[in-house]
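Here the numbering used here is used: the first residue of the sequence shown is 393, the next is one more, and so on. Built from N, CA and C at the ideal position, the CB exists for glycine as well. All figures in this text were calculated on a predicted structure; none of them were measured in a lab. Input: a single structure, listed below in structure tokens.
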Amino acid sequence: MRYSGFKVLTEGFSGNRGWTRAWREPEPKAEYDIVIIGGGGHGLSTAYYLARNHGLRNIAVLEKGYLGGGNVGRNTTIVRANYFLPGNQEFYSHSLKLWEGLEAELNYNVMHSQRGLINLFHSDGQRDAFARRGNAMISQGDDAELLDRAAVRRLLPYLDFDNARFPVQGGLLHRRGGTARHDAVAWGYARGADRLGVDLIQNCEVTGIDTAGGRVTGVQTTRGAIRARKVGIVVAGRSGQVAAMAGMRLPVESHVLQAFVTEGLKPAIDHVISFGMGHFYISQSDKGGLVFGGDLDFYASYAARGNLPMVEHVMEAGMTLMPMIGRARVLRSWGGIMDMTPDGSPIIDRTPVEGLFIDCGWNYGGFKAVPASGWCMAHLMATGEPHEVARRFRLDRFATGHLLDEEGTGSQHNLH
Ligand SMILES: Cc1cc2nc3c(=O)[nH]c(=O)nc-3n(C[C@H](O)[C@H](O)[C@H](O)COP(=O)(O)OP(=O)(O)OC[C@H]3O[C@@H](n4cnc5c(N)ncnc54)[C@H](O)[C@@H]3O)c2cc1C
């Protein structure tokens, strides 16, 4: 079924009885050409582009819980292309372009809103670093504008500009940056993949990876064994555990990241604001809640919930930047498991096991990467060659030393 304004209208007149399920609920088959482990944003987009770009059909996505129950449905939804290093730049630029056509592509309202992202700076050194970043973004073909203090004040009059520790001196505005509705992205890709014949199998945990003679032959699951010629590990925070099933030890640590949302308020914050010095960022959802977060909880964990010291830290940073936020009541907080690499950049690559591929290491920025990650992982799995915009996301860079040190911190939380 195609969704459209006309369909909404006709269904409204006929009692909304004509809507069909967004995707099927198939039983797992004994064998597939390709199995994708993980029904998050990256797994679903990989399956979608395998079918859409490469004409492959005999594909299953195996999800241990429900589709979109992982980080793709837990993140704070910032979408941007403001990376500095070659390797990351072209990848995220490609991703943003895919975002810009995603709703038409998927025939699904993912509520992509290019409301503009402002990264604040608080010192001359930070201004220079943002100026360099802005130039890099423009050279890549994306947009960036350096704002002085008065220009930031015009856009964000509610900030405390003169807070004694980090007075706001200006910001880098990325107008095409913004937000999207996180779970709609998972549902949109799920529906798109299902329509192209991909089997989406929920409540199906992969418990083992079968190999023979150095090749992958299938997976063991809680719903039985499934044979496959190719397998993709796309499980974000669980990457270390699933890769261990194939005897691999990844350069990835799993950490908790928390997010918070307040009660619904009238429109107050028009942009996404990032306050790096305080480790705080914020936007306002379409329902009116202020959505914000900060740094990782400072320990490795597989628990999708956080602890109180980081809650206090985030609230303090919010109060420092915009004291008015103290009037809003926080309704909910939650956590997700982040797959942190030492250099803060991702991995999309083959593995030493023939036919086994991996897509992981998204740190706390993998939501914006969902379209390009799926696009590039599908390219790699279908052709055996890395896509040109993901060529540097190699697994062996941690052995060769060809790091993509965008953050300079990665999983080293003491450096955050
Ligand atoms: C609080 C928070 C805020 C964030 N904010 C942003 C942001 O503003 N912008 C941004 O770009 N990124 C953000 N991120 C990061 C982003 O959400 C993640 O990098 C991205 O969603 C990870 O990829 P995914 O969607 O495929 O992961 P997930 O949705 O976690 O998908 C992985 C799936 O694999 C499944 N799985 C695991 N093990 C198995 C198994 N053995 N068998 C079968 N299935 C398995 C899991 O159940 C899960 O559904 C944030 C993350 C969090 C937690």
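Asked: Beta-carbon gap between residue 709 and residue 728 smaller than 9 Å; Found: no
Asked: Range covered by the beta strand (DSSP E) that runs through residue 708; Found: Residue 708 -> not in any beta strand (DSSP E); alpha helix (DSSP H) instead, spanning 700-713.
Asked: Unbroken alpha helix (DSSP H) run spanning residue 717, endpoints; Found: Run containing residue 717: none; DSSP gives neither H nor E here.
Asked: Inter-residue Cα distance where the pair is residue 400 and residue 501; Found: 13 Å
Asked: Test item: CB-CB of residue 456 and residue 596 under 9 Å; Found: yes
Asked: Residue 510 beta carbon less than 9 Å from that of residue 717; Found: no
Asked: Span separating the alpha-carbon of residue 780 from that of residue 490; Found: 16 Å
Asked: Pair within 9 Å by beta-carbon distance, residue 795 and residue 737; Found: yes
Asked: Where residue 794 sits in the DSSP three-state scheme; Found: coil
Asked: Which listed residue (662, 430, 674 and 499) has its alpha carbon closest to that of residue 463; Found: 430
Asked: Which listed residue (519, 478, 504 and 662) has its alpha carbon closest to that of residue 532; Found: 478
Asked: Whole-Å CB distance - residue 474 paired with residue 393, under 8 Å assumed; Found: Wrong, their Cβ atoms sit about 37 Å apart, outside the cutoff.
Asked: Residue 690 - containing beta strand (DSSP E), residue span; Found: 681-692
Asked: Between the CA atoms of residue 638 and residue 770 - distance to the nearest angstrom; Found: 21 Å
Asked: With 16 other Cβ atoms within 10 Å as the buried cut-off, status of residue 437; Found: buried
Asked: Neighbourhood of residue 423 by C-beta, 6 Å cutoff - its chain only, sequence neighbours within 5 removed; Found: 619
Asked: Identity of the residues DSSP links to residue 612 by a beta bridge; Found: 600 and 617
Asked: Burial state of residue 804, where buried means 16 or more other Cβ atoms lie within 10 Å; Found: exposed
Asked: Residue 596 Cβ short of 8 Å to ligand 1 heavy atom set; Found: yes
Asked: Near ligand 1: residue 493 beta-carbon under 8 Å from a heavy atom; Found: no
Asked: Residue 680 beta carbon less than 9 Å from that of residue 657; Found: yes
Asked: Distance cut-off 8 Å: residue 756 Cβ against heavy atoms of ligand 1; Found: yes
Asked: Span of the alpha helix (DSSP H) around residue 440; Found: 433-446
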